[in-house]
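Below: one structure, written as structure tokens.
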RNA sequence: GCGCCUGUAGCUCAGUGGAUAGAGCGCAGCCCUGCGGAGGCUGAGGUCGUGGGUUCGAGACCCACCAGGCGUGCCA
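Numbering (our numbering), first residue to last: 1193 to 1743.
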């Protein structure tokens, strides 16, 4: 990237100045460049400001000294020093124009980076208990995880997307019994869902389906057997439902990992034995504990309850043992909701207990989504029964708008999802603004094709006007966005970039007619449009969105 | 009580120590005899929660406080 080239040039110049004795021989600060406010060029470096203190020289003086010995950068038109000590770089228009050909040549690989160097990353997300349909809050994690996977792959990582199916434990038992009760009710029996069970209407529907398909067979067997068998059926249907809901949003997993397998596959024993041998396991108060307090945690955590059943936490120890030790992922990213935030330090302690570098496990916490209809907040709880499912949301708002909306806020911000507002705004939703730009481009390209205008030999050096170059500059930010999103794991930058890109395009479109009386300029601009289409498509596709040719 | 997250324009939100703090929506205007007006352009609108501190420089970093959300040893 040109950006890195400028950093290297500044660094080389600073070292050269030191070698010549023009600057003090002190350690240089980290050299970075950023995009300055407009009218200050394309890139700005604040190196001189940062170095002023250690160098005991004025920033302006340092900046002037550095640029005096700096080698020419072929892509750069001019280098200037500006108060209070910035070094500003302006790119050559001709070089910018050439980038259109470069982008076209790179095609779908434009923006791909090799930051990942093939590092094996597992991205685990959603992983909702299969006790009911996904609700609105789960959509955020789903879209986020899927988008991060897309971006990390573009950045050169090997990424596997995984859904951890919590198909073991007490929650599932409650689900199975609740389902059986609903099934009994289908046959007019006087049974009641236990208080700690699942009361949602979806279980009534599910039980009804099963009753219809299987008749009353489960009434003619022992209670234990009936609950177990109807449970398996119900679980499968719920998982299929979840898979379908995610599919509507284009979220597809590579692996569906069963919690039960940790117990039947011996991984639970292996992991427990390992941490027991290392002395991190004690028995007290009738339960088995992980002594995380010895690792700087403020409290210990129960692995096996006094009734003999393992906790979710124990499963997670085994699960992460499996991820790192058995499946040998270099890096694991888990996306959890804010309600699991207290679990993070425990898992970091587990990493240390397993002799693994805690930094290899990254846990992204997304803040809560609250759902509203106007001013009325809707409580989201499966057990309470009053839920707006993710599927309902997609029905009302549309898949692309859901994706864009979920991505458009930083992970750390809570989010009010107002259904009325989302619907009312849908015509002015930024998603349409961005997609419209793509459709507009497609329309122009269609017209060119109808008119039989070829532009393979278009000369991009004819692209010299401000709106043209401004748009090219914006396209060239795309690889930077891929880098930022993959480094910081912050997909929301994509939505802002997409809007900026659309603004730059619409502005260009207003000022520059593409298909005109001038055949050479027409060909050059058609090339620009072609590259523009590519960058829009790349950006939208990273977000899992459609890039429509018509709207 | 303690831990994590948040507080920036009327509203929803960007801004990981640098230049005059930005965008969308809303508001006040302007622009259609040209490729898609789901568009372009201009303007009004800010004690960046409060108070200290660090720094040449703080919306950003540190401390305290205020407000909201989430969590806090046998739920997940």
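In this text, a Cβ means the ideal position worked out from N, Cα and C, and glycines have one as well.
Beta-carbon proximity of residue i to residue j, cut-off 8 Å
| i | j | result |
| --- | --- | --- |
| residue 1544 | residue 1487 | yes |
| residue 1258 | residue 1202 | yes |
| residue 1483 | residue 1474 | yes |
| residue 1790 | residue 1451 | Residue numbering for the chain in the displayed model covers 1193 to 1743; residue 1790 lies beyond these limits and cannot be assessed. |
| residue 1315 | residue 1273 | no |
| residue 1508 | residue 1539 | yes |
| residue 1554 | residue 1513 | no |
| residue 1558 | residue 1333 | yes |
| residue 1265 | residue 1236 | no |
| residue 1699 | residue 1740 | no |
| residue 1288 | residue 1664 | yes |
| residue 1489 | residue 1530 | no |
Neighbourhood of residue i by C-beta, 7 Å cutoff - its chain only, sequence neighbours within 5 removed
| i | result |
| --- | --- |
| residue 1330 | 1318, 1320 and 1582 |
| residue 1421 | 1410 |
| residue 1595 | 1335, 1441, 1735, 1736 and 1737 |
| residue 1685 | 1673, 1676 and 1677 |
| residue 1479 | 1494, 1496, 1497 and 1498 |
| residue 1361 | 1504 |
| residue 1238 | 1278 |
| residue 1395 | 1370, 1371 and 1374 |
| residue 1269 | 1282, 1283 and 1284 |
| residue 1454 | 1460, 1507, 1510, 1511 and 1514 |
| residue 1445 | 1353, 1354 and 1355 |
With 16 other Cβ atoms within 10 Å as the buried cut-off, status of residue i
| i | result |
| --- | --- |
| residue 1674 | buried |
| residue 1436 | exposed |
| residue 1613 | exposed |
| residue 1353 | buried |
| residue 1746 | For residue 1746 there is no data in the structure shown, the boundaries of the chain being 1193 and 1743. |
| residue 1308 | buried |
| residue 1574 | Unreliable placement is indicated for residue 1574, whose pLDDT of 48 sits below 50; the coordinate value is still reported in the next sentence. Its Cβ being crowded by 16 or more others within 10 Å, residue 1574 is buried. |
| residue 1727 | buried |
| residue 1461 | exposed |
| residue 1426 | buried |
| residue 1723 | buried |
| residue 1359 | buried |
| residue 1745 | With the chain covering only 1193 through 1743, there is no way to say anything about residue 1745. |
Inter-residue spacing [alpha-carbon to alpha-carbon] between residue i and residue j
| i | j | result |
| --- | --- | --- |
| residue 1220 | residue 1198 | 16 Å |
| residue 1294 | residue 1525 | 34 Å |
| residue 1719 | residue 1629 | 16 Å |
| residue 1563 | residue 1584 | 12 Å |
| residue 1281 | residue 1347 | 26 Å |
| residue 1533 | residue 1561 | 15 Å |
| residue 1251 | residue 1434 | 58 Å |
| residue 1569 | residue 1610 | 9 Å |
| residue 1744 | residue 1204 | Because the chain spans 1193 through 1743 in this model, residue 1744 falls outside it and cannot be assessed. |
| residue 1208 | residue 1652 | 37 Å |
| residue 1401 | residue 1647 | 59 Å |
| residue 1499 | residue 1384 | 26 Å |
| residue 1342 | residue 1387 | 42 Å |
| residue 1416 | residue 1423 | 10 Å |
| residue 1226 | residue 1701 | 27 Å |
| residue 1419 | residue 1504 | 22 Å |
| residue 1364 | residue 1406 | 21 Å |
| residue 1666 | residue 1338 | 25 Å |
| residue 1604 | residue 1340 | 16 Å |
| residue 1439 | residue 1243 | 52 Å |
| residue 1290 | residue 1661 | 11 Å |
| residue 1636 | residue 1725 | 11 Å |
| residue 1206 | residue 1305 | 28 Å |
| residue 1586 | residue 1565 | 15 Å |
| residue 1551 | residue 1679 | 14 Å |
Integer-rounded CB distance, given that residue j should sit under 8 Å from residue i
| i | j | result |
| --- | --- | --- |
| residue 1241 | residue 1277 | 5 Å |
| residue 1245 | residue 1216 | In fact, because the Cβ distance is near 11 Å, the residues do not count as touching under 8 Å. |
| residue 1716 | residue 1654 | 4 Å |
| residue 1548 | residue 1516 | 5 Å |
| residue 1449 | residue 1368 | About 21 Å; that fails the 8 Å criterion. |
| residue 1521 | residue 1313 | 7 Å |
Contacting residues, own chain, Cβ-Cβ under 8 Å from residue i (five flanking each side not counted)
| i | result |
| --- | --- |
| residue 1743 | 1624, 1627, 1628 and 1631 |
| residue 1403 | 1375, 1378 and 1379 |
| residue 1447 | 1352, 1353, 1354 and 1355 |
| residue 1588 | 1611, 1614 and 1615 |
| residue 1389 | 1366, 1367, 1369, 1370, 1373 and 1575 |
| residue 1310 | 1348, 1349 and 1350 |
| residue 1485 | 1491 and 1492 |
Nonlocal neighbours in the same chain, by C-beta distance under 6 Å from residue i, ignoring five residues either side
| i | result |
| --- | --- |
| residue 1536 | 1555 |
| residue 1731 | 1690 |
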